[in-house]
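Okay, so here's the structure we're looking at.
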Amino acid sequence: MIEIITIGDELLIGQVIDTNSAWMGKELNLAGFEVVRVTSVRDRKDEIKEALAGATRRSSVVLITGGLGPTRDDITKQTLCEFFNTRLVFNEEVYNDVKTFLKGRVCRINNLNRGQAMVPENCEVIRNPVGTAPIMWFEKEQKIVVSMPGVPAEMKEAMSKHIIPRLKARFNPGVIIHKTVLVYGITEAHLAEKLSGWEENLPKEIKLAYLPAPGRIRLRLTARGHEEEILKNNIDKAVKALDNIIGEHIYGYEDLEAAEIFGQFFRSTGKTLTVAESCSGGYLAHLITSIPGASNYFKGSVVAYSNELKAALLGVEPDKIAKYGAVSQPVVEEMALGALKVTGAHYAIATSGIAGPDGGTPQKPVGTIWIAWVGPNQQVVSKCFQFGNNRERNIIRTSETALIELMQMIKEKRL
């Protein structure tokens, strides 16, 4: 078992987001290791030592990042000396590395820079070619503690080239296989109810996790063992059985965002797309264009937030807006048809709704969203959704739902 300790006041006051532990956890998992705990502590000796004591008591390997800089608030090295009952000594090789790294970057090497070459006497030093702080590898009572710089690029260099290879050679962790199934259009509770029998019959080496997000759920199947082919076959069988139960709710089998799944799919169709947005305010176009290669199929977008622009740019009849309101089936369908006509695309999407937090009525409360889709034969499909009262979430759900639904309709030849 592996634990991670991240050190630094900046992590705990929200000044810096801890991306290190997320990256480390992912890479260790890919290598077959299980990370059981992540702890973040301030730059305080007693708190660092307390975290170390607990981690080394529970786990075989403890990986530390942070607190190895040259300034007075970087106290990790001295704290490690106290924890392992040793002292700092000067390391000539590290000092030469520091000088090489800083050559051309600073006018002269000062005492703070030289201090980077002071390392605990009883550790193994792993040299750092991309920074000034070396990696320190400790072993005591069959426990391994590794201290690395908190700078992400330096940590990644150390993990990829030294730490993970050495841990794999030492522990032979086996294989971990993940399969992600992307689900939409069903709540977590209803999904769990539908899958209860399937979940009970999963092989013991396969674990299931529900990872919900607004409007969609990731099902992650994890298999752990030493026979990779057997694990893959068991995962594949489980996914095939899953498809028979909830196939109409599955929109992908990779751990990707909805826009990435859509982009991969739509590019393969050889068709083009345009969008007309009201309540989503350009976010739908943003999702589409955030994926490389979107220029191969995306014609462009019209953000017609006002009723005047809906009429002027998309040809929506003012009488329909007056009669039904901007948030209505007739208006959103005309928006989609107008976008198709203006751009000459094969497909069009239109959105109109009440994102909130105000603007709702008893008949059309906040979160009421209409989405329309038009295909090459001018067939129109439209749906009304109720997404709740959170403005940001409503915009995101509207945009992602628009993409997922279009993808599913094309796959099923409904549009």
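No gaps in the numbering here: position 169 of the sequence shown is 1643 in my numbering, and each next residue is one more. All C-beta atoms, glycine included, are put in the ideal place defined by N, C-alpha and C.
Check                                                                                                                         : Outcome
Short Cβ contact (8 Å threshold) for ASN1708 with PRO1626                                                                     : no
Contact check, ILE1538 vs SER1621, beta carbons under 8 Å                                                                     : yes
Nearest neighbour of GLU1807, chosen from GLY1818, THR1817, LYS1794, ALA1819 [CA to CA]                                       : LYS1794
Rounded straight-line distance, which links the Cα of GLY1624 to that of LYS1887                                              : 51 Å
Completely contained beta strand (DSSP E) runs for the segment 1608-1650, where each covers 3 or more residues                : 1609-1614, 1617-1622
Contact check, HIS1652 vs ARG1692, beta carbons under 8 Å                                                                     : no
For MET1475: DSSP bridge partner residues                                                                                     : Looking at the DSSP assignment, MET1475 forms no beta bridge with any residue, so it has no partner.
Residues that DSSP places opposite HIS1652 in a beta bridge                                                                   : THR1696
Beta carbon of GLY1648 nearer than 8 Å to that of GLY1499                                                                     : no
Contiguous beta strand (DSSP E) assignments of at least 3 residues, all confined to the segment 1726-1799                     : 1747-1751, 1772-1777
Cβ-Cβ distance between ALA1829 and ILE1869 below 8 Å                                                                          : yes
Anticipated Cβ contact below 8 Å, GLY1841 with GLY1862, distance rounded                                                      : 5 Å
Outcome for ARG1871 when other beta-carbon atoms lying within 10 angstroms are tallied against a minimum of 16                : buried
DSSP bridge partner residues for TYR1684 (one or two, in chain order)                                                         : LEU1693
Residue(s) in a DSSP beta bridge with ARG1511                                                                                 : GLU1477
Beta-carbon proximity of GLU1567 to ASN1602, cut-off 8 Å                                                                      : no
Chain-order list of residues whose beta-carbon lies under 7 Å from that of PRO1677 (same chain, five-residue window excluded) : ASN1708
Buried or exposed (CB count within 10 angstroms, at least 16 for buried), LYS1519                                             : exposed
Of the listed residues LYS1711, CYS1753, GLU1613, THR1553, nearest to PRO1831 (C-alpha basis)                                 : CYS1753
LYS1551 versus TRP1611, VAL1848, GLU1508, residue with shortest Cα-Cα distance                                                : TRP1611
Touch test, the segment 1590-1609 against the segment 1570-1578, Cβ-Cβ under 8 Å, three pairs minimum                         : yes
Among LEU1576, VAL1593, VAL1535, the one whose alpha carbon lies nearest that of GLU1556                                      : VAL1593
For VAL1840, the three-state DSSP class (helix, strand or coil)                                                               : coil
Where the alpha helix (DSSP H) through GLU1484 begins and ends                                                                : 1483-1486
Whole-angstrom distance between GLU1662 and ILE1823, CA atom to CA atom                                                       : 27 Å
C-alpha gap between GLY1689 and LYS1784, whole angstroms                                                                      : 27 Å
Contact check, VAL1535 vs LEU1526, beta carbons under 8 Å                                                                     : no
Boundaries of the alpha helix (DSSP H) in which ILE1522 is found, first to last residue                                       : 1519-1532
GLU1522 versus ARG1511 - alpha carbon distance                                                                                : According to the sequence shown, residue 1522 is Ile rather than Glu. Using only the alpha carbons, I get a separation of about 15 Å.
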